[in-house]
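Under UniProt numbering, the first residue of the sequence shown carries the number 1, and numbering increases by one thereafter.
Read the structure below first, then the notes.
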Amino acid sequence: MLTTTDVLQSENSGNLKPYALIVDDEVDTCLLIKLFLHKKGIEAFQAHSLSEGISKIIDLSPKWLFLDNNLPDGHGIDKIHDIKKISPETQIVMITALGKIKDMAFSLGVDKFIEKPLSFASIEFAIN
(Lines of atoms letter the chains of each structure in order from A and count residues from 1; the text may use other names and numbers.)
(Lines give C-alpha, C1' and ligand atoms only; values in the text may rest on other atoms or scores of the structure.)
Protein backbone atom coordinates (compact mmCIF):
# COMPACT_ATOMS: atom_id res chain seq x y z
CA MET A 1 0.00 0.00 0.00
CA LEU A 2 1.27 3.41 -0.98
CA THR A 3 1.58 5.85 1.91
CA THR A 4 1.45 9.63 1.88
CA THR A 5 5.22 9.69 2.37
CA ASP A 6 5.69 7.40 -0.64
CA VAL A 7 3.60 9.75 -2.78
CA LEU A 8 5.58 12.79 -1.73
CA GLN A 9 8.89 11.00 -2.36
CA SER A 10 7.71 9.77 -5.79
CA GLU A 11 6.50 13.24 -6.66
CA ASN A 12 9.96 14.63 -5.96
CA SER A 13 11.61 11.97 -8.14
CA GLY A 14 9.09 12.42 -10.99
CA ASN A 15 7.82 8.80 -10.86
CA LEU A 16 4.23 9.45 -9.90
CA LYS A 17 1.18 7.73 -11.32
CA PRO A 18 -2.17 9.51 -10.93
CA TYR A 19 -3.90 9.13 -7.59
CA ALA A 20 -7.23 9.88 -6.02
CA LEU A 21 -8.67 10.51 -2.59
CA ILE A 22 -12.01 9.01 -1.59
CA VAL A 23 -13.78 10.76 1.30
CA ASP A 24 -16.75 8.65 2.36
CA ASP A 25 -17.78 7.14 5.68
CA GLU A 26 -19.15 4.02 3.93
CA VAL A 27 -16.25 1.57 3.76
CA ASP A 28 -17.93 -0.46 0.99
CA THR A 29 -18.21 2.63 -1.22
CA CYS A 30 -14.54 3.41 -0.66
CA LEU A 31 -13.53 -0.14 -1.53
CA LEU A 32 -15.67 -0.21 -4.69
CA ILE A 33 -14.14 3.02 -5.99
CA LYS A 34 -10.64 2.02 -4.91
CA LEU A 35 -10.87 -1.36 -6.66
CA PHE A 36 -12.08 0.20 -9.89
CA LEU A 37 -9.40 2.90 -9.84
CA HIS A 38 -6.68 0.33 -9.10
CA LYS A 39 -7.70 -1.59 -12.24
CA LYS A 40 -7.24 1.68 -14.16
CA GLY A 41 -3.73 2.20 -12.75
CA ILE A 42 -4.81 4.89 -10.29
CA GLU A 43 -3.67 4.66 -6.66
CA ALA A 44 -6.42 5.66 -4.22
CA PHE A 45 -6.34 6.82 -0.61
CA GLN A 46 -9.31 6.86 1.76
CA ALA A 47 -10.63 9.16 4.45
CA HIS A 48 -13.80 8.56 6.43
CA SER A 49 -14.53 12.10 7.67
CA LEU A 50 -14.26 15.66 6.37
CA SER A 51 -11.48 16.57 8.77
CA GLU A 52 -9.40 13.52 7.79
CA GLY A 53 -10.13 14.23 4.13
CA ILE A 54 -9.07 17.89 4.34
CA SER A 55 -5.83 16.84 6.03
CA LYS A 56 -5.07 14.35 3.24
CA ILE A 57 -5.95 16.90 0.54
CA ILE A 58 -3.41 19.28 2.06
CA ASP A 59 -0.75 16.54 2.05
CA LEU A 60 -1.53 14.99 -1.33
CA SER A 61 -3.27 17.44 -3.70
CA PRO A 62 -4.82 14.45 -5.50
CA LYS A 63 -5.83 14.55 -9.16
CA TRP A 64 -9.35 13.38 -8.24
CA LEU A 65 -11.36 13.77 -5.05
CA PHE A 66 -14.43 11.57 -4.64
CA LEU A 67 -16.37 13.46 -1.97
CA ASP A 68 -19.47 12.18 -0.22
CA ASN A 69 -21.90 14.80 1.02
CA ASN A 70 -23.15 13.14 4.22
CA LEU A 71 -20.19 12.61 6.52
CA PRO A 72 -20.03 12.18 10.31
CA ASP A 73 -18.51 15.62 10.87
CA GLY A 74 -20.39 17.66 8.26
CA HIS A 75 -21.48 18.01 4.66
CA GLY A 76 -18.99 17.72 1.82
CA ILE A 77 -20.80 20.40 -0.17
CA ASP A 78 -20.01 22.93 2.58
CA LYS A 79 -16.25 22.40 2.07
CA ILE A 80 -16.03 22.62 -1.74
CA HIS A 81 -14.90 26.26 -1.69
CA ASP A 82 -12.20 25.48 0.90
CA ILE A 83 -11.02 22.44 -1.07
CA LYS A 84 -10.73 24.50 -4.26
CA LYS A 85 -8.54 26.99 -2.36
CA ILE A 86 -6.33 24.25 -0.90
CA SER A 87 -5.96 22.23 -4.10
CA PRO A 88 -7.24 24.14 -7.15
CA GLU A 89 -6.12 21.49 -9.67
CA THR A 90 -8.00 18.66 -7.95
CA GLN A 91 -11.10 17.51 -9.82
CA ILE A 92 -13.93 17.18 -7.32
CA VAL A 93 -16.42 14.36 -7.90
CA MET A 94 -19.41 14.70 -5.56
CA ILE A 95 -20.92 11.31 -4.68
CA THR A 96 -24.23 11.33 -2.86
CA ALA A 97 -27.69 9.83 -2.73
CA LEU A 98 -29.14 13.36 -2.74
CA GLY A 99 -29.63 14.23 -6.41
CA LYS A 100 -31.42 17.44 -5.43
CA ILE A 101 -28.10 19.13 -4.52
CA LYS A 102 -26.60 18.63 -7.99
CA ASP A 103 -27.13 22.20 -9.24
CA MET A 104 -25.80 23.68 -6.00
CA ALA A 105 -22.75 21.39 -6.13
CA PHE A 106 -21.89 22.50 -9.68
CA SER A 107 -22.38 26.16 -8.78
CA LEU A 108 -19.86 25.72 -5.95
CA GLY A 109 -17.20 24.22 -8.22
CA VAL A 110 -17.77 20.46 -8.36
CA ASP A 111 -16.41 18.99 -11.61
CA LYS A 112 -18.55 15.84 -11.75
CA PHE A 113 -21.57 14.57 -9.84
CA ILE A 114 -22.48 10.92 -9.25
CA GLU A 115 -25.66 9.76 -7.56
CA LYS A 116 -25.53 6.68 -5.37
CA PRO A 117 -25.81 3.80 -5.87
CA LEU A 118 -22.52 3.90 -7.78
CA SER A 119 -21.71 1.91 -10.88
CA PHE A 120 -18.42 1.23 -12.63
CA ALA A 121 -19.73 3.29 -15.57
CA SER A 122 -20.30 6.32 -13.32
CA ILE A 123 -16.81 6.04 -11.83
CA GLU A 124 -15.34 5.73 -15.34
CA PHE A 125 -17.24 8.88 -16.33
CA ALA A 126 -15.79 10.71 -13.33
CA ILE A 127 -12.15 10.09 -14.24
CA ASN A 128 -12.50 10.89 -17.95
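Glycine residues also receive a C-beta, built at the ideal position from the N, C-alpha and C atoms.
Original post:
How many Å lie between Leu98 and Ala121 at the Cα?
Top reply: Stepping through the sequence shown from its first residue, residue 98 is reached at position 98. Stepping through the sequence shown from its first residue, residue 121 is reached at position 121. One C-alpha to the other measures close to 19 Å.
Original post:
What's the C-alpha gap between Lys63 and Leu37?
Top reply: In the sequence shown, the residue the question calls residue 63 occupies position 63. In the sequence shown, the residue the question calls residue 37 occupies position 37. In a straight line, the C-alpha of Lys63 is about 12 Å away from that of Leu37.
**OP:** Note the first and the last residue of the continuous beta strand (DSSP E) segment covering Asp68.
**Re:** As a first step, residue 68 must be located in the sequence shown, where it is residue number 68. Here the beta strand (DSSP E) through Asp68 covers Trp64 to Asp68.
**OP:** Could you check if Met104 is buried or exposed, using at least 16 other CB atoms within 10 Å of its CB as the buried criterion?
**Re:** If you number the sequence shown from 1, residue 104 lands on position 104. Flag for Met104 reads exposed.
Subject >> Continuous beta strand (DSSP E) assignments of at least 3 residues falling wholly in the UniProt domain "Response regulatory" (19-128) >> reply: 19-23, 43-47, 64-68, 91-96 and 112-115
Original post:
If we call anything under 9 Å between Cβ atoms a contact, is Met94 one with Phe113?
Top reply: Along the sequence shown, one-based indexing puts residue 94 at 94. Along the sequence shown, one-based indexing puts residue 113 at 113. For Met94 and Phe113, yes; Cβs fall inside 9 Å.
Original post:
Distance, Cα to Cα, Pro88 vs Ser107?
Top reply: Position 88 of the sequence shown, counted from the start, is the residue given in the question as residue 88. Position 107 of the sequence shown, counted from the start, is the residue given in the question as residue 107. Approximately 15 Å, taken between the alpha carbons.
Original post:
Where Glu115 and His48 are concerned, what is the direct C-alpha to C-alpha distance, given to the nearest angstrom?
Top reply: For the purposes of this step, residue 115 is taken as the residue at position 115 of the sequence shown. For the purposes of this step, residue 48 is taken as the residue at position 48 of the sequence shown. Approximately 18 Å between the Cα atoms of the pair.
Original post:
If you check the beta carbons only, do Ile54 and Asp82 fall under 9 Å apart?
Top reply: Position 54 of the sequence shown holds residue 54. Position 82 of the sequence shown holds residue 82. The answer is yes: Cβ separation under 9 Å.
Subject >> Beta-carbon proximity check, Leu50 vs Tyr19, cutoff 9 Å >> reply: Residue numbering aside, residue 50 sits at position 50 when the sequence shown is read from its first letter. Residue numbering aside, residue 19 sits at position 19 when the sequence shown is read from its first letter. Their beta carbons are not under 9 Å apart, which means Leu50 does not touch Tyr19 by this criterion.
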